[in-house]
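Quick note: to get my numbering, add 289 to the position in the sequence shown (first position is 1). Idealized CB from N, CA, C, for every residue including glycine.
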Amino acid sequence: MTPALKTTCLLLALFALVGCQSVYDAKAALNKGGWQQIVTDTRDMNEFPERDQTLVLNYRAHAKMALGYLDSAQVDYLRAWNIMNHGKGGGVASAYFFSERQKWWMGDPYERAFNSWYLGMLYFQANNREDAMACFRNSIFVDTGDLEAGEYAADWLPPFLMRVRCFLDRGDKDGAKMLLDEINRLAKEPANFDPDCPWLNLEAQLEANTVMMIELGEGPYFTAEGHHGSVRAINQGSYEEAYAEVFVDGESLGQSYKIGDTFYQAITRGGRVMDDILKGKAIAKTAGIATGAAAMHVGRVLMESGSAKDSNGTVTAGAIVMAAGAVVLIASLLMNAEADTRGNVLLPGETHLLMAKLPPGEHKLEVRYFDSMGRELRDMRQQGIPLTVPEKGDASLLLRSRPRYVIPTSESWAKSDPYANTPKK
């Protein structure tokens with residue numbers, strides 16, 4: 290093997306590694322050691338490629354929130370929010386020829402909507418209603434396509450309904466009604482939300498003082514399918530739970546109603562500009578491999594036949610054809626048409642709502658989860674969840690079926706540093 294060919298093979302191997310390098314496997318970490326495993330693994334963001342750091346920040350923020358470190362989670366979500374909403378990213382030029390994974394992860398519309406939604410919930414729980422309202426508004430904004438081009442309107446209800454609570458908290462009934470009217474103009478698509486949800490009117494919203502957002506199941510994930518893996522397929526996460534029933538101090542408040550389906554949001558957000566580019570790359574890759582291999586074969590035949598020698602007996606034409614074929618072949622092999630399958634795998638499958646009017650003071654909640662046949666999934670039952678209902682304003686809870694969230698029982702816990710007593714690796 291010639292030195293030039295050795296160098297070419299080495300470069301090919303290096304580019305292949307760059308294209309295939311895996312992002313942090315948050316789901317595997319979650320299965321291994323729960324939310325704490327993610328917090329521990331992601332302590333040093335510099336350990337991750339710059340192109341993946343926005344995604345890893347969302348992972349770390351989610352894990353911190355799930356463990357009750359609310360202030361620290363807020364910092365990470367805000368840092369990711371600034372990149373996802375104001376940054377231009379990087380690696381775009383490399384993605385056109387090499388792997389799409391060279392681009393910075395900026396999230397699909399539904400992933401950006403979730404980022405703003407979680408940040409808004411953290412502000413809301415900290416009684417910072419103005420910043421919460423801004424986050425919920427941004428969640429609605431990033432979930433909205435080009436309406437003039439006939440693209441989708443925002444139809445993910447959680448930020449709408451929490452924005453309603455913010456309007457009511459400052460006494461703006463007209464603003465709350467405007468949002469509720471907007472919700473009720475949406476198509477009543479059961480795959481997206483339950484049209485029988487009883488809290489989609491102003492009267493029910495005015496009556497309630499407790500808002501519970503309950504997340505069920507696992508959200509969607511991406512795989513690379515089709516020719517050279519150039520098609521990004523969206524797959525639905527699997528889970529049994531279909532709804533929840535909440536008990537407060539031993540009394541049932543009733544069942545939850547679906548107000549958001551993550552898979553539905555993922556598949557109705559329209560195509561990507563990169564999809565057409567990847568399709569073209571897949572076609573070019575196949576054609577280039579065939580052309581390069583054929584040219585190298587022709588060049589080798591010419592060289593072996595000795596029919597293309599100059600006056601000094603040096604092979605020329607065959608070598609030139611073979612070299613040109615090698616260039617085309619190597620370039621085609623380096624071209625990576627595989628779709629980017631990075632995505633926020635920690636998101637839930639569904640978001641449910643339960644609202645109630647509760648007396649001010651301390652309460653204990655129990656949440657039971659049921660499958661679509663009405664059978665309780667007893668291993669998911671959650672008991673002893675603390676809830677404080679204020680004299681004025683809302684009590685709010687963000688819960689999850691599995692892996693469950695921990696509710697901090699003190700302000701010092703919510704404000705504490707999750708790394709304070711953990712040595713660096």
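9 Å Cβ cutoff met for residue i and residue j
i, j, result
"A684", "L643", "no"
"F552", "E655", "no"
"A465", "S428", "no"
"P707", "V328", "yes"
"L359", "L411", "yes"
"R657", "A533", "yes"
"A315", "V695", "no"
"W394", "D629", "yes"
"F511", "R426", "no"
"E400", "N633", "yes"
"A720", "F456", "What is shown of the chain runs 290 to 714, which leaves residue 720 out entirely."
"G409", "M373", "no"
"D715", "K377", "Outside the displayed range of the chain (290 to 714) lies residue 715, so it cannot be described from this structure."
"I556", "I523", "yes"
Local conformation of residue i per DSSP, three classes
i, result
"G515", "coil"
"V500", "strand"
"T291", "The predicted position of T291 is uncertain, since its pLDDT is 47 and thus under 50; no value can be drawn from it."
"S701", "helix"
"Q414", "helix"
"G508", "coil"
"V617", "Because the pLDDT at V617 is just 42, under 50, the model does not fix this residue reliably, and the value given afterwards should be weighed accordingly. Looking at V617 - three-state DSSP - the assignment turns out to be helix."
"K392", "coil"
"A493", "helix"
"R459", "coil"
"R691", "coil"
"A522", "strand"
"M655", "First, the residue type needs correcting, since residue 655 is Glu and not Met in the sequence shown. Strand."
"A684", "strand"
"D706", "coil"
"L475", "coil"
"L635", "coil"
"G543", "strand"
"D660", "strand"
"I696", "coil"
Classification of residue i by the beta-carbon crowding that lies within 10 angstroms, buried from 16 upward
i, result
"H641", "buried"
"S405", "buried"
"L495", "exposed"
"N347", "buried"
"P398", "buried"
"T331", "buried"
"E700", "exposed"
"K295", "Unreliable placement is indicated for K295, whose pLDDT of 49 sits below 50; no coordinate value is reported for it."
"G663", "exposed"
"M715", "The requested residue 715 is not part of the displayed model; the chain covers only 290 to 714."
"A317", "exposed"
"G357", "buried"
"N335", "exposed"
"K704", "exposed"
"D463", "exposed"
"S545", "buried"
"L541", "Rather than Leu, the amino acid found at residue 541 in this sequence is Ser. Its Cβ having fewer than 16 others within 10 Å, S541 is exposed."
"A476", "exposed"
"Q363", "buried"
"R276", "Outside the shown range of the chain, which is 290 to 714, sits residue 276, and nothing can be said about it."
Residue range of the unbroken alpha helix (DSSP H) whose run includes residue i
i, result
"F337", "It is not in any alpha helix (DSSP H) - F337 carries neither H nor E in the DSSP assignment."
"F482", "Segment: none, F482 is in no alpha helix (DSSP H) and carries neither H nor E."
"M644", "It is not in any alpha helix (DSSP H) - M644 instead sits in the beta strand (DSSP E) that spans 639–645."
"D550", "Per DSSP, D550 belongs to no alpha helix (DSSP H); it is in the beta strand (DSSP E), 546–550."
"V328", "315–330"
Boundaries of the beta strand (DSSP E) in which residue i is found, first to last residue
i, result
"A533", "530–537"
"R368", "Looking at the DSSP string, R368 is not in any beta strand (DSSP E); the run it does join, the alpha helix (DSSP H), is 359–375."
"G673", "671–678"
CB contact check: residue i to chain C, cutoff 9 Å
i, result
"D550", "No chain C is part of this structure, which consists of one protein chain only."
Near the ligand SAH: residue i beta-carbon under 8 Å from a heavy atom
i, result
"D668", "The ligand SAH is not part of this structure, which contains no ligands at all."
Quiz item: Three or more beta-carbon pairs under 8 Å between the segment 477–489 and the segment 664–680, yes or no?
Solution: no
Exercise. Could you tell me whether the segment 499–515 touches the segment 523–532, where touching means 3 or more Cβ pairs closer than 8 Å?
Key: Result yes; three or more Cβ-Cβ pairs closer than 8 Å.
Practice problem: Please confirm if the segment 470–485 is in contact with the segment 417–424, defined as three or more CB-CB distances below 8 Å between the two stretches. | Solution: no
Quiz item: So does the segment 687–702 actually touch the segment 337–348, counting three or more Cβ pairs closer than 8 Å?
Solution: Taking a contact to require three or more Cβ pairs closer than 8 Å, the segment 687–702 and the segment 337–348 do not qualify as touching.
Self-check item: Any 3 or more C-beta pairs closer than 8 Å across the segment 445–465 and the segment 538–556
Solution: yes
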